[in-house]
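**Student:**
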Amino acid sequence: MIYPTIKRVKYTHFPSHKNGGQLISVEFDKLSFLPERIFQVLEVLSGEIRGNHARKTTSQYLICMSGKITSTIKDMHGNTESKILTRGDSVYLPPYIWDSQLFHTKHSVLLVLCDTFYSKEDYIEDWDLFCSLLEEKS
């Protein structure tokens, strides 16, 4: 198996519109996949980090709905990249990309679209195990 590099990660922006409040529209035909699962991460204390894992089969879009969130990604080749997401900004993550999110305000909201249903077995939550998978395949 060839593991993805951060070069396969895509950053996009879903525009927001003022219409008696803020509206962010996500058109599914513009995505790389049709979502099977959607969830939100919210009410995270300022300065807290979420994520800190990779997935074996799941691709995701992380969309900042409000606030400010720093997305940090790492691949199995040692490449790292961080980007600040604000309202409407998103990052597409293929499988085998390690990701974490630093929440800058407690009012930040992250919407996550996934191409698979939830499975605990899909998650790799140990960095050393994540790195050893590449060594096993080399």
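Throughout, our numbering is defined as the position within the sequence shown, counted from one, plus 6. Every residue gets a Cβ at the ideal spot worked out from N, C-alpha and C, and that includes glycine.
If you follow the beta strand (DSSP E) that residue 58 is part of, which residue opens it and which one closes it?
**Tutor:** 55-61
**Student:** Pick helix, strand or coil for residue 95, following the three-state DSSP scheme.
**Tutor:** DSSP, reduced to helix, strand and coil, places residue 95 within a strand of the structure shown.
**Student:** CA-CA distance, residue 86 and residue 24?
**Tutor:** 35 Å
**Student:** Looking at the secondary structure, which residues open and close the beta strand (DSSP E) in which residue 24 lies?
**Tutor:** 22-24
**Student:** What residues are listed by DSSP as bridge partners for residue 104?
**Tutor:** 80
**Student:** In chain order, what residues of the same chain have a beta carbon less than 7 Å from the beta carbon of residue 20, not counting five sequence neighbours either side?
**Tutor:** 30, 31, 32, 69, 94 and 96
**Student:** What is the DSSP secondary structure of residue 49, reduced to helix, strand or coil?
**Tutor:** Coil.
**Student:** Identify whether residue 42 lies in helix, strand or coil by the three-state DSSP scheme.
**Tutor:** In the displayed model, residue 42 falls within coil according to three-state DSSP, outside both helix and strand.
**Student:** By a C-beta neighbour count over all protein chains shown, 10 Å radius and 16 as the cutoff for buried, is residue 107 buried or exposed?
**Tutor:** buried
**Student:** Less than 8 Å between the beta carbons of residue 64 and residue 122, yes or no?
**Tutor:** yes
**Student:** On the DSSP bridge list, what partners appear for residue 111?
**Tutor:** According to DSSP, which records beta bridges pairwise, residue 111 is partnered with nothing at all.
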